[in-house]
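Worksheet: the structure to be examined is printed underneath.
Protein chains: 4
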Amino acid sequence: MERAFGFDEVAIVPGRETVDPDEVDISGNLAGIKLQIPFLASAMDGVVDPKFAILLGKLGGLAVLNLEGIYTRYENYEEILNEIIASRPEEVTPLLQKIYKEPIKEKLVKKVIEEIKKENVICAVSSTPQKAEELGKIAVESGCDLFFLQITVLTGKHHSKKKTLDLKKFTKNMKIPVIMGNCVTYEVALDLMELGASGILVGIGPGAACTTRGVLGIGVPQVTATLSCSKARDEFFKRRKKYIPIITDGGMTCGADICKAFASGADFVMFGNAFAKAKESPGKGYHWGMALPHPYLPRGTRIHVGISGSLEEILYGPAKTDDGTQNLIGALKLALSYCGARNIKEFHKKAKLIIAPGIKTEGKIYQKAQKVGMGK
Amino acid sequence: MERAFGFDEVAIVPGRETVDPDEVDISGNLAGIKLQIPFLASAMDGVVDPKFAILLGKLGGLAVLNLEGIYTRYENYEEILNEIIASRPEEVTPLLQKIYKEPIKEKLVKKVIEEIKKENVICAVSSTPQKAEELGKIAVESGCDLFFLQITVLTGKHHSKKKTLDLKKFTKNMKIPVIMGNCVTYEVALDLMELGASGILVGIGPGAACTTRGVLGIGVPQVTATLSCSKARDEFFKRRKKYIPIITDGGMTCGADICKAFASGADFVMFGNAFAKAKESPGKGYHWGMALPHPYLPRGTRIHVGISGSLEEILYGPAKTDDGTQNLIGALKLALSYCGARNIKEFHKKAKLIIAPGIKTEGKIYQKAQKVGMGK
Amino acid sequence: MERAFGFDEVAIVPGRETVDPDEVDISGNLAGIKLQIPFLASAMDGVVDPKFAILLGKLGGLAVLNLEGIYTRYENYEEILNEIIASRPEEVTPLLQKIYKEPIKEKLVKKVIEEIKKENVICAVSSTPQKAEELGKIAVESGCDLFFLQITVLTGKHHSKKKTLDLKKFTKNMKIPVIMGNCVTYEVALDLMELGASGILVGIGPGAACTTRGVLGIGVPQVTATLSCSKARDEFFKRRKKYIPIITDGGMTCGADICKAFASGADFVMFGNAFAKAKESPGKGYHWGMALPHPYLPRGTRIHVGISGSLEEILYGPAKTDDGTQNLIGALKLALSYCGARNIKEFHKKAKLIIAPGIKTEGKIYQKAQKVGMGK
Amino acid sequence: MERAFGFDEVAIVPGRETVDPDEVDISGNLAGIKLQIPFLASAMDGVVDPKFAILLGKLGGLAVLNLEGIYTRYENYEEILNEIIASRPEEVTPLLQKIYKEPIKEKLVKKVIEEIKKENVICAVSSTPQKAEELGKIAVESGCDLFFLQITVLTGKHHSKKKTLDLKKFTKNMKIPVIMGNCVTYEVALDLMELGASGILVGIGPGAACTTRGVLGIGVPQVTATLSCSKARDEFFKRRKKYIPIITDGGMTCGADICKAFASGADFVMFGNAFAKAKESPGKGYHWGMALPHPYLPRGTRIHVGISGSLEEILYGPAKTDDGTQNLIGALKLALSYCGARNIKEFHKKAKLIIAPGIKTEGKIYQKAQKVGMGK
């Protein structure tokens, strides 16, 4: 049995040289589209609505809108959001199950995409394979820029007597780039690249503890998963001369985790929780997992994360808290600068990870840290 | 010293291909008897009474009735159960010690077996080696299908000046298959197979913490124990062309643990706790260990686990909780499907385990998981 | 750096054969003296007074009386004990510091030894090297059987401008066997044997957390320490044909730890805490460390452990609790029987340890265990 | 990936011989200056003011005064201190940010240095590279003895379009020795020595959890960092015949950690927290990190550590607590004596570390330790 590592178990060794953080460039290229900041917001209804997508786009990042969420099921989605937020804990699960039974409307799919595009920001949407052909067609027609084909576990080959999506044909026919996931191994990442993926989402059962790992026992911690899929990216580049970026998705709880994802080989990171704390997020401090309406194993519930500041503060600071959840861009730039890296690709080469377990209880570690000395 | 692993320390790597969970078959063959679901209920008085055995049998699983428990000592066992449940914490231990002093009655042994058989379900009973000849004879005569010869630590050779059970002779004389255990090593599993076991119970001191490990320091974590005994099964199959199934018994607290037991090589799993939470279990939310009347080291007490739902919900869902204790069949099928396995034997071949420690505090991990991202 | 292991990190693998626990013999030979049970009570004032020494001796074990404690400083030691027990927490440390300043009286040393010998039990006393010549002489004259020369860290060579004890000369001149310690390494154990030790006390900074480890960072976990010193014993036996027993001292909190100490090679174990809970111990549920009057680094305070039962119950059961602190003899016999060992020396050969970390929170693990399944 | 170790994960093996602690010499030579005790107080405003620097100097240690702190910004710094101490938690961060905006005054820099020198103690001051030329000049002119060039991450080469400090030129021109840091790797330590450092500060993201590690993911646990930088010191000594001492800075919470730092190769240790608890420290039980006014990632807040005793008690005891935070000198001497080392350099050679993880919750471990046995 091989040993796999999560964020909490590793640390980044500072480099032999340093770079002025003002001269660090963290921008990235996702399927031909330049993003000023390499952060993607997860396609979760409590995190990304059209307004949030516009705002994050203007700030340099990219939000992915879930085409199977409430925004394409309800014209009056704000009412629905309020209903979810206002419901008592014991009512949430049945309420959400009921809400997600409402059919998706083509008209609303078009509307939300056009709403985003009107503001001249990149528009990215997500769909599961089941709905991909139907929703992909509408997305392209409506002017969408990027299509995220996303499911808990995606592989290059799904065996079923039912009609299933032909990934190769789908990516060939789609007029816009298709980002695919999630996966965690070298083999699957390589398979998906060969099938036409323009980006790979990495993360199944991320972190030490998560629903997929808790309920199914399935998962690979994110440092190991990102390292594996990065190797597939580099191998694919050698074979086909195409650089397919790796997007580490989920399991990050603070700036340190984000920096470690990039040190492990990520080109981009995707997260929901940190964005859910922004005062502009639609959930108003609440969010809920998309595994809830899972056909086989419905699970998850509404989570209260609270509001910690504006999206701009979360991204660009100044941090009002010292728990690593604000000024994420400042943190990433400083991490690069401490490793002597001028950009993410240099960081991939220069950042050296060591195994250095730390007991991390959200918030607590910082307190303990500050008791120790200079806050170094 | 070799490193041994428990459920909390490993994870299952998703496969290169996936299978439609609707096309996954989790049935198994236990000593010639086909079980639709590979779950056995432990021979504990708070979990299995004749009615529960009938119900689980009809739902596709198998409950083992303890022939040395209250059901064969008392005609009016419901009164006894009520007395146990109603007693105050400080009264439980002496009360249970008194209750289990009542002699076992042949008439009642016959009665409970016939009660189960009358409903046309598989009838399985358990006994310790001390009582096996006496109880085995009655069990066979009463129409029982499977005999579980079970004690904390069973080996192929027990040294004693007292008369002890000759395992080889016993299995040869018994007209029904004898499942034996518990053991945890390759050598003992192989010895028991050579002595005629039709199935092997695996689990001594399961999990990171348990009475046997806490009081005696003896035990092997279940992933390592199951891997070792599976190798014995495969070796025995090579030698004798007989496939003796491995039943991982104990130490599983949620769906993830069950999936990991199968990934480690288990053909079946046996547990008590998850079944004790069924509203149809005789303990009505309470159960108690069979180590309590142990001749050398009486230990254990009554545990309150509460009732979480019907047996059907626990097995087939839909899950009303997200802690991995409901819809256990859905979880197992999905785990197989994510590894591209159509059945348990394919899962044995395809499931790859990695070492990936997780801090697991019952219930807590799911909350943390959902704070992280998409519930992936 | 080598990896060292403590009790919590290992488990004992059950054997290929088992033995009837009724036929297990746990007696041992300590410097020519046969002990029915291989348990020694630590030379702590809250644990061992003359009456306790007599009682434990009659029950088959051996208590070591501290010749530098209150029993040799005060005629009216019961009053002193009461004063310690009755004092408020903030008063304890200064009170104890004052109490241990009273000079040791030769008359009282004789008196306590004679009191024990009068009851026809083995009498063992302890002293630090500083007082050894003076107290050793009186002890021998008073009829004492065994002399424990004990200090936190003892080596074969102590460099000092002051006059120091010549261990070789001391053991040669003493008419009774001298047990020496504490040590934790192969080299030092061997050195002490060459200097005439009749037994070796093993334990410096035992367990994951202890004062010596917390304050000084010095210590070796007990499994590794016991394994190392046992190798020295075996090597010494090969060289000199003398079998010098190993006494694992400290760091054991329950039956499992005791069993693991023997599995690691211990011939005897010594502990204070479990005995302090006996209703016959002089501290009446309290005890306090002998490091308190340490010349360089006075430390420690009074600890309240409570009274859990009689000494007989702690040793022979039946256990009224399930936390592994009662029926320690039953636990040890059962552990041997599960490994197919008829006595401690066979256990040394047959017991196989594996690395199997367990999170152990006193008392808690048993509860968790019992929730899991059959109490196996 | 290599495994790195922190203080909590290792222990010191006691030696084959012991030395009388009265004959242990812990003095050290820092850039030609003899210090009776090898402890440095961190350049934090809540810890070191001129009075504290004088007191620690007279007691044999060395305090470093931060030339960019309040003492060089405000004439009336006592008022400012009182304002910080008296402010409510939610006011602290903005208040501190405001306070540290006040310009540094040359007059005050001179004044504080002269105040210390007047008392005939060694005067050490610190500055970041940005201010080093300006402040270094004044420091030398004012009679300062040692200059600490300190920043979170210092390397031999900083890339920036802005004017940056030329380390080689700076050390050459400075008339007093320059201690540099912080760093954690062999390469950087060696680079800094080649650039003229007279001492190396070791510690980035020390301990399992700290702000730099929590926010940026960057850091190396202190045992590994100290071992690495010590090797650089030894290599540099071989090359250039100059012995550049290693100062382990941060991450130590008790005597055990300090002893382990020396066992890992440290010549000196630097800490703030333990000194902040002295009744003579300016923060009166409070302290705050110097990362707070960080240009890129301001972080940290005011911490309340309380007052545990006088500086003399913290250093020389007697300890009134048993948590390893008092009598630090007694602890270090005893650790050396238990390893048979007469001084720090012998300790480097004789102290052997083992990997022996311990769960350390401040204060708690001692309680647990004392419950176990003799306080050994």
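In order, the protein sequence lines correspond to chains A, B, C and D.
Once you know that position 94 of the first sequence is 94 in the numbering used here, the rest is easy, because the numbers rise by one and skip nothing.
Plus 1000 on top of the position in the second sequence (first one is 1) and you've got the numbering used here.
Plus 2000 on top of the position in the third sequence (first one is 1) and you've got the numbering used here.
Plus 3000 on top of the position in the fourth sequence (first one is 1) and you've got the numbering used here.
Backbone N, C-alpha and C define an ideal beta-carbon position, used for all residues, glycine too.
- At a Cβ-Cβ threshold of 8 angstroms, residue 264/A and residue 220/A do not count as neighbours.
- Scanning its chain for C-beta atoms nearer than 6 angstroms, with the 5 sequence neighbours on each side dropped, one finds around residue 2324/C the residues 2254, 2255 and 2256, in chain order.
- Taking every protein chain shown into account, the CB of residue 287/A has 16 or more other CB atoms within 10 angstroms, so this residue is buried.
- Sequence-ordered contacts of the segment 3039-3055 of chain D with chain A read 3042, 3043 and 3044 [C-beta pairs closer than 9 angstroms].
- Scanning its chain for C-beta atoms nearer than 7 angstroms, with the 5 sequence neighbours on each side dropped, one finds around residue 1080/B the residues 1070, 1074 and 1099, in chain order.
- If you draw a straight line from the Cα of residue 2101/C to the Cα of residue 3307/D, it comes to about 29 angstroms.
- Along the segment 1259-1271 of chain B, going in chain order, the ones with a CB nearer than 8 angstroms to a CB of chain A are 1259, 1260 and 1263.
- Comparing C-alpha distances from residue 2008/C to each of 2251/C, 2066/C and 2319/C shows the shortest one belongs to 2251/C.
- One finds 155, 156, 157, 185, 187, 188 and 191 in chain A with Cβ atoms closer than 9 angstroms to the Cβ of residue 1016/B, taken in chain order.
- The three-state reading of DSSP puts residue 2338/C in helix, counting H, G and I together.
- In this structure, the alpha-carbon of residue 2157/C lies about 41 angstroms from that of residue 2312/C.
- Take the alpha-carbon of residue 1105/B and the one of residue 1044/B: they are about 18 angstroms apart.
- Using a Cβ-Cβ cut-off of 8 angstroms, residue 1003/B counts as an interface residue toward chain C, since at least one Cβ of chain C sits closer than that to its own.
- In this chain, the alpha helix (DSSP H) harbouring residue 2131/C covers 2129-2141.
- Cβ-Cβ separation between residue 1247/B and residue 1270/B: approximately 5 angstroms, consistent with a contact (criterion under 8 angstroms).
- Note that the segment 3011-3019 of chain D touches the segment 2141-2156 of chain C; at least 3 beta-carbon pairs, one per stretch, sit closer than 8 angstroms.
- The beta carbons of residue 193/A and residue 200/A sit about 7 angstroms from each other, so the pair counts as a contact at 8 angstroms.
- When Cβ-Cβ separations below 8 angstroms define contact, residue 160/A makes contact with chain B.
- Membership of residue 1259/B in the alpha helix (DSSP H) is indicated by the continuous run 1255-1263.
- DSSP links residue 3148/D through a beta bridge to 3126/D and 3179/D.
- Shortest Cα-Cα distance from residue 169/A to any of 133/A, 305/A and 83/A involves 133/A.
- For residue 3186/D, the closest of 3267/D, 3139/D and 3228/D by C-alpha to C-alpha distance is 3228/D.
- Neighbours of residue 1216/B in chain C, taken as residues whose beta carbon is under 9 angstroms from its own, are 2012, 2255, 2256, 2259, 2324, 2331, 2332, 2334, 2335 and 2338 in chain order.
- A residue is called buried once 16 or more other Cβ atoms fall within 10 Å of its Cβ, and residue 97/A, having fewer, is exposed.
- Contact between the segment 2139-2149 of chain C and the segment 2116-2123 of chain C is present, with at least three C-beta pairs closer than 8 angstroms.
- With the rule of 3 Cβ pairs closer than 8 angstroms, the segment 1265-1285 of chain B counts as touching the segment 1049-1062 of chain B.
- Closer than 8 angstroms to the CB of residue 1343/B there is not a single CB belonging to chain A.
- With respect to chain A, the C-beta atom of residue 3021/D has no partner C-beta closer than 8 angstroms.
- Around residue 1033/B, the same chain offers 1122 as residues with beta carbons nearer than 6 angstroms, after the five sequence neighbours per side are excluded.
- Residues of the same chain with a CB within less than 6 angstroms of the CB of residue 2171/C, apart from the 5 flanking positions on each side, are 2178 and 2196 in chain order.
- Here residue 1330/B is not near residue 165/A, since their CB atoms are 8 angstroms or more apart.
- Beta bridge pairing from DSSP links residue 2040/C with 2062/C and 2270/C.
- Taking every protein chain shown into account, the CB of residue 22/A has fewer than 16 other CB atoms within 10 angstroms, so this residue is exposed.
- If the five residues before and after residue 1261/B are omitted, its C-beta is found closer than 7 angstroms to the C-beta atoms of 1222, 1226, 1248, 1252 and 1269, all from its own chain and listed in chain order.
- The Cβ atoms of residue 2026/C and residue 2328/C lie no closer than 8 angstroms to each other.
- A residue is called buried once 16 or more other Cβ atoms fall within 10 Å of its Cβ, and residue 1348/B is buried on that count.
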